[in-house]
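Asker: My questions all concern the structure below.
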Amino acid sequence: MGKAEAILAFVWLVGLFRSSKGSDVVPQHKLQKRLKLVHNHLARIRTVSTTPKRLHHRLAAYPQATVQTHAHLRTRSPKDAVPLHYMEIGCGDVMQSREPIIIIHGLLGNSMNFHSWANDLFSQLESTRRIIVPDLRNHGQSPHHNSMSYREMMEDVLTLMDNLGVDKAELIGHSLGGKIACAIALCHPERVKTLAVLDIAPVSYSQEDAAWWQVDKVIHAMARLPLEEVDNRDEADSMLSVDIEDPILRRFALTNLIPTSNRPGYSKWRWRINVQSIKNFLPSIRDFDIGQGSGDLAGLGVRFGGDVFFVSGRRSKYISTRHLPTIANLFPRYNMMTIKNAGHWVHSEDPVETLRLVKMFLDVPR
558 MGKAEAILAF VWLVGLFRSS KGSDVVPQHK LQKRLKLVHN HLARIRTVST TPKRLHHRLA
618 AYPQATVQTH AHLRTRSPKD AVPLHYMEIG CGDVMQSREP IIIIHGLLGN SMNFHSWAND
678 LFSQLESTRR IIVPDLRNHG QSPHHNSMSY REMMEDVLTL MDNLGVDKAE LIGHSLGGKI
738 ACAIALCHPE RVKTLAVLDI APVSYSQEDA AWWQVDKVIH AMARLPLEEV DNRDEADSML
798 SVDIEDPILR RFALTNLIPT SNRPGYSKWR WRINVQSIKN FLPSIRDFDI GQGSGDLAGL
858 GVRFGGDVFF VSGRRSKYIS TRHLPTIANL FPRYNMMTIK NAGHWVHSED PVETLRLVKM
918 FLDVPR
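Residue numbers (our numbering): 558 to 923.
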């Protein structure tokens with residue numbers, strides 16, 4: 558790593574030193590420990606442009622990592638799966654030279670969030686690939702269910718792969734979808750070739766974390782919205798503004814508000830997502846229990862041996878220095894890059910740079 562690149566990476570990591578409550582001040586007694594984390598992980602983290610050739614060389618330089626999982630993590634329950642609605646690009650008679658790509662959206666999202674981005678990815682990849690983008694349970698056009706643990710959401714995606722004849726795939730996941738993709742890689746590594754994770758860490762977040770506090774606030778505000786009193790979207794936006802100050806978050810939440818009837822004078826509203834189930838399972842979604850219970854995944858020796866690429870937004874608080882040891886233990890061949898002009902929704906806030914980075918990772922010969 559050049560001196561200038563090292564300095565830029567260091568500056569970005571200092572940005573990760575914010576406390577979980579968003580404070581810019583780092584207690585002095587924690588500084589030495591965090592500086593040590595910087596030293597240990599700096600070689601894997603980049604904040605400046607790289608090239609496919611450099612990334613290929615970096616990945617090739619890492620020793621091959623053994624794959625370890627536990628028998629009870631590998632158990633499956635297809636009967637618990639719900640049939641996921643999905644969008645597909647490059648299916649049918651398209652010749653494929655590499656594994657299909659599955660893109661998993663985040664909490665409150667749906668497959669259409671990635672429609673344009675996935676089409677651009679399909680057209681720009683060096684090799685023709687089949688791309689599958691499902692709606693998670695309780696989201697989009699997929700069925701609603703009163704339960705949504707990580708084990709269940711993981712089973713939904715695996716069953717979809719089974720039904721589509723996909724033995725192994727390259728996974729891309731954003732936020733909640735990133736944690737689900739991590740769960741599949743750790744529990745069923747034989748089904749995953751590579752993994753790209755967009756602005757999330759495979760960890761349990763605290764309710765006091767600044768990033769998670771916003772999610773909790775949005776979901777509860779949506780659950781409290783008196784839909785029977787809503788006449789139009791502007792009125793719903795005004796009602797939500799009492800609890801959700803950020804207009805971007807409100808607009809994102811309101812993408813899930815749909816009319817129950819198209820007839821003039823009969824337009825009442827409902828949530829496309831299953832708000833109540835999501836609210837009930839917020840503690841589970843905040844955590845990262847993929848079957849280990851109170852046990853520690855790293856302590857159990859669970860790890861995925863394939864290439865893993867984390868993309869973070871500089872303005873986001875979802876990936877912090879304290880998460881790096883867990884990431885390294887679970888994914889010893891990980892690399893990370895940050896997008897300076899993006900927050901949590903990297904693919905929508907800077908779609909061009911996110912696409913460039915993910916394409917570069919997927920194009921690496923393997």
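Even for Gly, the Cβ is constructed at its ideal location relative to N, Cα and C. Note that this is a predicted model, so its numbers are computed, not measured.
(1) Short of 7 Å in beta carbon distance, which residues of its chain neighbour Lys578, apart from the five on each side in sequence? Order them along the chain.
(2) Run through DSSP, which three-state label would Gly848 get?
(3) Helix, strand or coil for Glu656? Go by DSSP, reduced to three states.
(4) Quick one: what's got a C-beta closer than 8 Å to Asn695's C-beta in the same chain, skipping five residues either side?
(5) In whole angstroms, what separates the C-alpha of Ile659 from that of Leu728?
(6) What does the Cβ neighbour count give for His904, buried or exposed, with the cut at 16 atoms within 10 Å?
(7) Kindly identify the DSSP beta-bridge partner or partners of Asn892.
(8) Run the CB neighbour count on Lys736, radius 10 Å, all protein chains shown included, and call it buried at 16 or more, exposed below.
(9) Determine contact between the stretch 776 to 794 and the stretch 863 to 882, defined as no fewer than three beta-carbon pairs at a distance below 8 Å.
(10) Output needed for Phe866: all residues of its chain with C-beta closer than 8 Å, excluding positions within five of it in sequence on either side, in chain order.
(11) Can you tell which of Glu786, Asp677, Gly663, Ile646 has its C-alpha closest to the C-alpha of Arg843?
(12) Contact check, Phe838 vs Phe861 under 8 Å by CB: the rounded distance?
(13) Going by DSSP, what residue range makes up the beta strand (DSSP E) through Gly730?
(14) Consult DSSP for Glu519 and reduce its assignment to one of helix, strand or coil.
(15) On the DSSP bridge list, what partners appear for Pro691?
(16) Helix, strand or coil for Arg923? Go by DSSP, reduced to three states.
(17) Of the choices Glu786, Val787, Val772, Arg923, whose alpha-carbon is the least far from that of Asp803?
(18) How big is the Cα-Cα spacing for Lys669 and Ala675?
(19) Classify Ile648 as buried or exposed, calling it buried when 16 or more other Cβ atoms lie within 10 Å of its own Cβ.
(20) Evaluate Ala780 with the Cβ neighbour count: other Cβ atoms within 10 Å of its Cβ, from every protein chain shown; 16 or more gives buried, anything less gives exposed.
(21) With 8 Å as the threshold, decide whether the Cβ of Ser795 is near any Cβ in chain E.
Answerer: Well, looking at it:
(1) On the sequence shown, residue 578 is found 21 positions in, with the first residue counted as 1. Annotation note: pLDDT 44 at Lys578 (below 50); position unreliable, coordinate value reported separately. Excluding residues within five positions, the ones whose Cβ falls inside 7 Å are Glu765, Ala767.
(2) To locate residue 848, count along the sequence shown from 1; it is residue 291. Gly848 falls in the coil class under three-state DSSP.
(3) Taking the first residue of the sequence shown as 1, we reach residue 656 at position 99. Here Glu656 sits in coil by DSSP.
(4) For the purposes of this step, residue 695 is identified with residue 138 of the sequence shown, where counting begins at 1. Same-chain partners within the cutoff: His701, His702, Met705, Ile830, Asn831, Ser834, Ile835.
(5) Here the question's residue 659 lines up with position 102 in the sequence shown. Here the question's residue 728 lines up with position 171 in the sequence shown. Their Cα atoms are separated by approximately 5 Å.
(6) As a first step, residue 904 must be located in the sequence shown, where it is residue number 347. Result: buried.
(7) As a first step, residue 892 is located in the sequence shown; it is residue number 335 there, counting from the start. According to DSSP, which records beta bridges pairwise, Asn892 is partnered with Phe866.
(8) Numbered from 1 along the sequence shown, position 179 holds the residue referred to as residue 736. Flag for Lys736 reads buried.
(9) no
(10) Here residue 866 refers to the residue found at position 309 when the sequence shown is read from its first residue. Counting only Cβ-Cβ distances below 8 Å, and skipping sequence neighbours, we find Thr751, Leu752, Ala753, Val754, Tyr891, Asn892, Met893, Met894, Leu914, Val915, Phe918.
(11) Taking the first residue of the sequence shown as position 1, residue 843 is located at position 286. Residue Gly663 is the option with its Cα nearest to Arg843.
(12) The residue given as residue 838 occupies position 281 in the sequence shown. The residue given as residue 861 occupies position 304 in the sequence shown. So it is not a contact: roughly 25 Å between Cβ atoms.
(13) Residue 730 sits at position 173 when you count from the first residue of the sequence shown. Here the beta strand (DSSP E) through Gly730 covers 726 to 731.
(14) Past the boundaries of the shown model lies residue 519; the chain is included only from 558 to 923, so the question cannot be answered.
(15) Counting from one through the sequence shown, the residue named residue 691 turns up at place 134. According to DSSP, which records beta bridges pairwise, Pro691 is partnered with Tyr643.
(16) Position 366 of the sequence shown, counted from the first residue, corresponds to residue 923. Arg923: coil per DSSP, three-state reduction.
(17) Locating residue 803 in the sequence shown gives position 246, where the first residue counts as 1. Nearest C-alpha to Asp803: Val772.
(18) Position 112 of the sequence shown holds residue 669. Position 118 of the sequence shown holds residue 675. It should be noted that the sequence gives Met, not Lys, for residue 669. If I take the Cα positions, the gap works out to 9 Å.
(19) Numbered from its first residue, the sequence shown carries residue 648 at position 91. A small correction: the amino acid at residue 648 is Cys; Ile does not occupy that position in the sequence shown. Flag for Cys648 reads exposed.
(20) Residue mapping note: residue 780 aligns to position 223 of the sequence shown, counting from 1. With fewer than 16 Cβ atoms within 10 Å of its Cβ, Ala780 is classed as exposed.
(21) Absent from the structure: chain E. Only one protein chain is present.
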